[in-house]
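Chemist: Here the protein sequences line up with chains F and G, keeping their order. Okay, so the first sequence: first residue is 0 according to numbering that gives the first Met the number 0, each after it adds one. Okay, so the second sequence: first residue is 0 according to numbering that gives the first Met the number 0, each after it adds one. Take a look at the following structure, please.
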Amino acid sequence: MADTVKITIDDIEHEVPAGMNLIDAAKLCGVDIPVFCYHPKLGHDGNCRMCLVELGLPRKNRETGEMELAWFPKLETACTQKTCEGMAIRTTTERVTDARRAVLEFLLSSHPLDCPICDKGGECPLQNLTMAHGPGTSRMYWEDRMHLGKHVALGELIFLDQERCIHCARCIRFQEKIALDPVLGFDMRGRKQQIVTSSTPGFNSIFSGNTTDICPVGALTTADFRFNARPWEMVQVATICSHCPVGCNMSFDTRTDRLAGGRTTIRRVMPRQNEAVNEIWICDKGRFARHYMEHEERLTTPLVRKGGMLVEATWEEAIREVAAQLKAAGPNIGAVAGGRLSNEDLYALQKLIRGQGSGDLSAYLPNATGGEIAARFGVGVGTNLKYLGAGDAIVVVASDLHEEAPIWWLRAAAAARRGAELIVISGRETRLDVEASQSIRCAYGAEVATLNAMLGSLPKTAVKAGESLDGMAEAIVHAKEFTADAALKAAAKTIAGAGNAVIFVGSEGLTGEASRELAQASANLLAATGHVGRANNGLIIVWPSANGQGAADMGFDPGFGPGYQPVDKPGRSYGDIFAALADDVIKVLVIAGADPVYDDLTAEESIRKTKGFIVVQEMFLTETAKLADVVLPVQSAAECEGTYTSGERRVQRFYPAVEPLGESLPAWLITQRIGEVLGQGAPSVSAAVLLAEIGRNVPQYAGITCQTLAKVEEQFPDVGGEDLYYGGTSFQNVRGLGVQWPTLAEQVDAPLSVAPAQAGEVLEPADGEMIVVPVTLVYDTEALFFKTQLLHQRVPLPHIGLNPADAGRLDMVDGDLVSLTIDDHRVAAAAYLDERVPSGVVTIPRRLQTQGAPLFATTAPVVKLEKVEA
Amino acid sequence: MSLLERRKEDIERHLAKYPQKQSAVMPLLYIAQEEYGYITEEAMEEIASIVDTDVTQVRGIVGFYTMYYSQEKGKYLIQICTDLPCALRGAEAFSAKVCEALGIQPGETTDDGLFTVENVMCIGACDRAPVIQVNFKFYENMDMDSFNDLIEALRREHDAMQPYSHE
Ligand code: SF4
Ligand code: SF4
Ligand code: FES
Ligand code: FES
Chain F
0 MADTVKITID DIEHEVPAGM NLIDAAKLCG VDIPVFCYHP KLGHDGNCRM CLVELGLPRK
60 NRETGEMELA WFPKLETACT QKTCEGMAIR TTTERVTDAR RAVLEFLLSS HPLDCPICDK
120 GGECPLQNLT MAHGPGTSRM YWEDRMHLGK HVALGELIFL DQERCIHCAR CIRFQEKIAL
180 DPVLGFDMRG RKQQIVTSST PGFNSIFSGN TTDICPVGAL TTADFRFNAR PWEMVQVATI
240 CSHCPVGCNM SFDTRTDRLA GGRTTIRRVM PRQNEAVNEI WICDKGRFAR HYMEHEERLT
300 TPLVRKGGML VEATWEEAIR EVAAQLKAAG PNIGAVAGGR LSNEDLYALQ KLIRGQGSGD
360 LSAYLPNATG GEIAARFGVG VGTNLKYLGA GDAIVVVASD LHEEAPIWWL RAAAAARRGA
420 ELIVISGRET RLDVEASQSI RCAYGAEVAT LNAMLGSLPK TAVKAGESLD GMAEAIVHAK
480 EFTADAALKA AAKTIAGAGN AVIFVGSEGL TGEASRELAQ ASANLLAATG HVGRANNGLI
540 IVWPSANGQG AADMGFDPGF GPGYQPVDKP GRSYGDIFAA LADDVIKVLV IAGADPVYDD
600 LTAEESIRKT KGFIVVQEMF LTETAKLADV VLPVQSAAEC EGTYTSGERR VQRFYPAVEP
660 LGESLPAWLI TQRIGEVLGQ GAPSVSAAVL LAEIGRNVPQ YAGITCQTLA KVEEQFPDVG
720 GEDLYYGGTS FQNVRGLGVQ WPTLAEQVDA PLSVAPAQAG EVLEPADGEM IVVPVTLVYD
780 TEALFFKTQL LHQRVPLPHI GLNPADAGRL DMVDGDLVSL TIDDHRVAAA AYLDERVPSG
840 VVTIPRRLQT QGAPLFATTA PVVKLEKVEA
Chain G
0 MSLLERRKED IERHLAKYPQ KQSAVMPLLY IAQEEYGYIT EEAMEEIASI VDTDVTQVRG
60 IVGFYTMYYS QEKGKYLIQI CTDLPCALRG AEAFSAKVCE ALGIQPGETT DDGLFTVENV
120 MCIGACDRAP VIQVNFKFYE NMDMDSFNDL IEALRREHDA MQPYSHE
């Protein structure tokens with residue numbers, strides 16, 4: 000515990016942390032000092048004057064030499080004070096209440112008072128503080144109000160009502176200090192002062208929605224929610240974002256209404272506070288990309304192929320058909336599961352497939368693997384990136400965090416600004432490089448070699464902590480075969496010397512095998528330097544989807560059973576599954592929550608070629624579903640319950656918010672019904688019961704139940720609830736903070752070992768070829784995401800990233816058509832010249848063009864396509 | 000021609016003065032104003048990229064300081080002080096008469112694009128009120144006669160600078 004000091008608030012003495020912001024300290028003591036511009040996450044700005052208090056500080060009396068309390072002659076802004084011994088404030092005197100009234104009168108002097116049609120009405124700090132402290136009447140001439148724009152679009156996502164803005168600058172400061180996209184500013188001055196953005200597109204930031212939560216008035220509203228419902232009409236349902244491995248806690252705010260034919264619908268998505276995960280923020284993808292859930296194209300009945308056509312069928316018929324096929328195929332079956340499936344869905348699916356004697360289970364996308372390494376050397380229980388700062392180190396390898404896991408990007412960048420050493424190791428420059436203390440460029444394919452070289456460069460003294468670990472000696476001897484240049488040596492030294500160290504292990508361009516080695520190399524480096532087995536230390540895998548960790552935990556990894564238990568015979572990898580399908584070795588393939596036909600350049604070929612039977616569990620008739628023999632409509636995460644495991648191994652629960660669409664069922668239930676026909680036993684009564692079964696069979700999940708997941712504890716700062724004025728409208732977490740399961744490294748006497756990490760081949764393009772790297776963008780045309788029209792303008796056009804020098808060599812300019820030929824598949828798109836793409840490399844965003852993209856980095860001939868006149 | 004091409008040396012001189020590039024925004028804005036007469040959209044964008052910030056930040060500064068102009072203004076900018084001391088010596092009435100004589104409102108520009116009138120805060124010559132600045136040059140103890148003479152002189156100056164025409 001930090002040093003504490005005694006301060007006196009309204010004649011009562013309290014003990015509070017020393018040097019804490021006075022507003023926060025008072026809040027801890029249960030005293031609310033009203034604020035507008037101050038925000039616990041943004042710090043003070045001192046511009047609104049709402050927080051005025053009487054302030055006294057101890058001072059030496061010159062005559063007597065005694066210490067005495069001296070009161071400042073004027074009121075002081077509490078938000079600009081830090082607690083110190085003997086500090087005293089008064090917050091209830093007449094002078095203070097008068098001042099508050101005056102500030103409110105001033106703020107309201109030009110306020111439109113359109114609360115009845117204002118989206119913030121009902122959860123508005125200005126309304127609430129006016130009720131508590133304001134004047135009941137105004138002395139101002141109503142006609143003298145300044146009239147400004149009411150519906151100013153700051154881009155298509157956020158709207159500004161200039162009249163309502165009280166110029167607290169919270170939104171500007173959020174963009175500057177937290178989102179690091181300084182695209183908002185004030186224009187003009189005095190009463191004409193207004194928020195502007197000049198970026199292209201307007202308000203260009205993937206965190207823009209958060210400004211609407213912290214805006215203390217209804218000046219900023221989202222296009223998604225404005226005029227959509229009143230805050231008090233909605234029911235909040237706790238949920239977990241299903242778009243990336245961060246696992247942000249969110250709320251679906253629902254309303255049952257006549258307009259929707261008596262159905263309950265989601266009216267908005269709001270962040271829910273979890274200080275260890277997303278604090279009080281979410282990215283715009285999580286906030287807005289919800290519309291697929293209620294989309295009219297959702298599948299509502301099972302489809303069965305008859306006479307070459309997919310036709311509607313009953314559940315009974317569909318399930319009978321799938322079960323019969325599975326039965327006939329015996330062990331020659333497999334499953335590919337996307338990371339949007341819950342742990343329950345995944346557990347049920349692997350049980351079905353394994354129950355029939357097959358271990359061919361692959362997670363999708365198959366790039367990231369290494370769940371078992373995270374289970375041993377992942378970040379310790381209690382990890383909170385918020386606590387990383389000066390003296391600590393964060394390494395991000397082979398990942399563009401801004402695009403792949405926005406909130407991790409934001410938190411890693413914040414740690415760097417607090418003084419943590421941020422080391423970025425990747426094949427190309429990304430946005431995180433700007434914040435990095437060290438940027439290391441390595442060739443695609445040389446990631447493992449780079450980390451090995453770092454480990455190898457460390458002197459004996461630096462790797463003492465890991466000495467006694469099984470396999471460490473071999474790992475170090477192996478690592479010494481790699482040479483480190485000065486930059487790598489420096490980076491290794493930084494990590495070895497860091498108080499805490501975390502490595503984000505990405506998979507950009509990597510194959511599943513390579514990413515496992517990369518996780519191993521990261522684990523070796525961390526274990527050698529003593530950065531495992533405790534909070535704020537260890538590795539985090541940047542899974543390509545929300546529940547990648549959960550999928551690995553449930554045994555969607557050819558090498559392991561559920562809970563990383565050994566298997567007799569390893570299953571096939573993703574690539575091998577599709578190859579076996581094409582060769583009719585695999586006779587039934589279940590594809591759940593994944594659309595490889597759209598994303599993966601080669602999957603379609605295998606599916607078209609096979610005589611095997613394809614079962615797809617999906618919400619929409621995706622490109623993959625179109626080729627299936629049976630399509631089973633599943634519920635979205637808004638309709639059912641379940642758990643996701645975040646990249647930090649935090650198991651978190653989501654709850655049903657709206658009624659299921661049509662006849663759709665939870666994915667786990669569909670799977671278990673099929674299993675029932677196959678004699679695997681009756682389906683679970685609920686997802687909660689299934690979670691209990693997981694707890695019994697997956698060692699890491701032992702003891703994790705709905706009850707433990709629902710536990711909450713007090714969080715600081717205290718946002719939401721009654722205190723909207725303080726932290727904004729991010730919700731208080733009342734439905735559970737989740738449970739982070741401990742790694743093996745945290746357990747005493749656990750059989751812990753490391754192994755040498757095998758470096759793969761660096762790609763060597765032949766003449767006329769270049770290295771082609773698939774990259775992930777936050778906004779793309781993925782089947783579910785792209786159902787949200789609102790975000791379409793932010794999705795880039797299909798393009799291929801190219802270094803300007805290479806473009807020059809190929810005689811191309813920005814926008815020319817480039818064509819790549821990868822294993823006889825041609826991908827063509829407009830060239831986008833980008834200096835951050837290294838020479839000799841082209842990047843190709845996944846899920847952006849209909850031809851798909853390669854799954855892993857590869858080499859291919861790159862040519863300019865001549866424009867053909869139509 | 001970009002601002003950087005036109006005034007490379009000056010811009011670099013200013014950039015070199017500060018530890019952070021962003022600090023040079025204001026002097027660069029003055030350079031833009033000198034070059035184009037007012038601060039154009041393109042100039043704001045160029046300055047933002049020179050000092051490596053978002054154009055929103057540059058726009059905010061232009062909006063905040065009244066001596067940066069984001070609208071095209073007349074060839075001669077007439078600033079009339081109407082702050083309290085000047086007002087006590089009849090500056091408000093003087094401003095009204097000036098506007099009437101030119102047929103415009105404060106903030107507007109004459110149709111021929113020659114004159115823009117603007118009421119401003121104290122310009123530090125209170126003892127010689129009414130006082131005006133024309134393109135930042137002081138003219139003190141003004142009345143309508145001296146003002147009309149001044150306008151005449153400015154028109155002549157402008158005409159003299161026009162190319163000779165045969166028509
Ligand atoms: S828009 Fe809202 S957050 Fe931004 S300055 Fe105005 S009142 Fe504050
Ligand atoms: S950061 Fe990831 S988990 Fe959080 S809201 Fe965005 S997409 Fe969802
Ligand atoms: S001045 Fe203290 S909260 Fe605004
Ligand atoms: S008040 Fe006019 S110059 Fe000072």
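Glycine residues also receive a C-beta, built at the ideal position from the N, C-alpha and C atoms. This structure is a prediction, so every number in the text was calculated from the model and none was measured.
Check each residue of the segment 157-189 of chain F: if its Cβ is closer than 7 Å to any Cβ of chain G, include it; give the result in chain order.
Modeler: If the cut-off is 7 Å between Cβ atoms, the segment 157-189 of chain F has 181, 182, 183, 184, 185, 186, 187 and 188 near chain G.
Chemist: What's the call for residue 231/F, buried or exposed, on a 16-neighbour Cβ count within 10 Å?
Modeler: Answer is exposed; the Cβ neighbour count stays below 16.
Chemist: Would you tell me roughly how many angstroms separate the C-alpha atoms of residue 601/F and residue 64/G, rounded to the nearest one?
Modeler: Going from the Cα of residue 601/F to the Cα of residue 64/G covers about 59 Å.
Chemist: So for residue 282/F, helix, strand or coil by DSSP?
Modeler: Correct three-state label for residue 282/F: coil.
Chemist: Can you name, in chain order, every residue of its own chain whose Cβ lies under 7 Å from the Cβ of residue 622/F, other than the five neighbours on each side?
Modeler: Once the five neighbours on either side are set aside, the close Cβ partners of residue 622/F are 594, 596 and 597.
Chemist: Check residue 405/F in the structure and name its three-state DSSP category.
Modeler: Residue state, collapsed to three classes: helix.
Chemist: Going by other Cβ atoms of all chains shown within 10 Å of its Cβ, with 16 needed for buried, is residue 872/F buried or exposed?
Modeler: Because chain F is modelled from 0 through 869, residue 872/F falls outside the range shown and cannot be assessed.
Chemist: Does DSSP classify residue 55/F as helix, strand or coil?
Modeler: DSSP places residue 55/F in strand when its eight states are reduced to three.
Chemist: When you compare each of 11/F, 173/F and 300/F to residue 43/F by their alpha carbons, which one comes out closest?
Modeler: It is 173/F.
Chemist: Tell me whether residue 123/G counts as near ligand 4, meaning its Cβ is closer than 7 Å to at least one heavy atom of that ligand.
Modeler: Yes, since a heavy atom of ligand 4 falls inside the 7 Å radius drawn around the Cβ of residue 123/G.
Chemist: In the DSSP assignment, find the beta strand (DSSP E) that holds residue 305/F and state where it starts and stops.
Modeler: Per DSSP, residue 305/F belongs to the beta strand (DSSP E) from 302-305.
Chemist: With burial defined as no fewer than 16 other Cβ atoms inside 10 Å of the residue's Cβ, what is the status of residue 72/G: buried or exposed?
Modeler: Counting Cβ neighbours within 10 Å, residue 72/G comes out buried, since at least 16 surround it.
Chemist: Using 8 Å as the cut-off, can you tell me whether the segment 253-264 of chain F makes contact with the segment 723-732 of chain F, which would need three or more C-beta pairs spanning the two stretches below that distance?
Modeler: Segments in contact, no.
Chemist: Excluding the five sequence neighbours on either side, which residues of its own chain have a C-beta within less than 6 Å of the C-beta of residue 312/F, listed in chain order?
Modeler: Excluding residues within five positions, the ones whose Cβ falls inside 6 Å are 301 and 303.
Chemist: Could you give the DSSP three-state label for residue 155/G: helix, strand or coil?
Modeler: Three-state DSSP puts residue 155/G in a helix.
Chemist: Report buried or exposed for residue 18/F, applying the criterion of at least 16 other Cβ atoms within 10 angstroms of its Cβ.
Modeler: When all chains shown are included, residue 18/F counts as exposed.
Chemist: For residue 731/F, which residues in the same chain have their Cβ closer than 7 Å to its Cβ, ignoring the five residues on either side in sequence?
Modeler: Only 272, 718, 719 and 720 meet the Cβ criterion.
Chemist: Is the CB of residue 5/G under 8 Å away from at least one CB in chain F?
Modeler: For residue 5/G, the answer is no, since every Cβ of chain F falls outside 8 Å of its Cβ.
Chemist: What are the start and end residues of each continuous beta strand (DSSP E) run of 3 or more residues lying completely inside the segment 288-354 of chain F, in chain order?
Modeler: Whole beta strand (DSSP E) segments, 3+ residues: 302-305, 308-311 and 332-337.
Chemist: Between the segment 498-514 of chain F and the segment 848-856 of chain F, are three or more C-beta pairs nearer than 8 Å?
Modeler: Yes, the segment 498-514 of chain F touches the segment 848-856 of chain F.
Chemist: Go through its chain and collect everything with a Cβ distance to residue 434/F's Cβ below 8 Å, but skip five positions before and after it.
Modeler: Answer for residue 434/F: 179, 411, 412, 415, 416 and 421, listed in chain order.
Chemist: Between the segment 54-86 of chain G and chain F, which residues of the former have CB atoms less than 7 Å from a CB of the latter, in chain order?
Modeler: Residues passing the 7 Å Cβ filter: 54, 55, 56, 58, 59, 62 and 63.
Chemist: Closer than 6 Å between the C-beta and any heavy atom of ligand 2: which residues qualify, listed along the chain?
Modeler: Taking each Cβ in turn, the ones that pass are 240/F, 242/F, 243/F, 245/F, 246/F, 247/F, 277/F, 281/F, 282/F, 284/F, 285/F, 404/F, 405/F and 406/F.
Chemist: Let's test the definition: count the other Cβ atoms within 10 Å of the Cβ of residue 49/F and tell me whether it reaches 16, buried, or not, exposed.
Modeler: It counts as buried.
Chemist: For residue 740/F, is the classification buried or exposed, using 16 other Cβ atoms within 10 angstroms of its Cβ as the cut-off for buried?
Modeler: Residue 740/F is buried by the Cβ-count criterion.
Chemist: Bridge partners of residue 252/F, per DSSP?
Modeler: DSSP, once it has assigned bridges, lists 235/F and 267/F as partnering residue 252/F.
Chemist: So which of 649/F, 515/F, 813/F and 536/F has the shortest CA-CA distance to residue 755/F?
Modeler: Minimum Cα distance to residue 755/F is reached at 515/F.
Chemist: Can you check whether the C-beta of residue 210/F is within less than 8 Å of a C-beta belonging to chain G?
Modeler: Answer no: the Cβ-Cβ gap between residue 210/F and chain G never drops below 8 Å.
Chemist: Would you kindly report the start and end of the unbroken beta strand (DSSP E) that includes residue 363/F?
Modeler: It spans 360-363 - the beta strand (DSSP E) in which residue 363/F sits, taken as one unbroken run.
Chemist: Can you tell me whether DSSP reads residue 14/F as helix, strand or coil?
Modeler: Correct three-state label for residue 14/F: strand.
Chemist: Given a cut-off of 8 Å, decide if residue 539/F and residue 646/F are closer than it, judged by their beta-carbon atoms.
Modeler: Yes, these two residues count as a Cβ contact at 8 Å.
Chemist: Do the segment 802-812 of chain F and the segment 628-644 of chain F meet, that is, are 3 or more Cβ pairs less than 8 Å apart?
Modeler: Touching, no, given that fewer than three Cβ pairs across the two stretches are closer than 8 Å.
Chemist: Have a look at 632/F, 581/F, 633/F and 817/F and flag the residue whose alpha-carbon is nearest the alpha-carbon of residue 612/F.
Modeler: The shortest C-alpha separation from residue 612/F is found at 581/F.
Chemist: Along the chain, where does the beta strand (DSSP E) that runs through residue 871/F open and close?
Modeler: Any answer about residue 871/F is impossible in this case: the structure gives chain F only from 0 up to 869.
Chemist: Between which two residues does the alpha helix (DSSP H) carrying residue 453/F extend?
Modeler: Here the alpha helix (DSSP H) through residue 453/F covers 446-456.
Chemist: With a threshold of 8 Å between beta carbons, is residue 39/G in contact with chain F?
Modeler: Not one chain F Cβ lies under 8 Å of residue 39/G.
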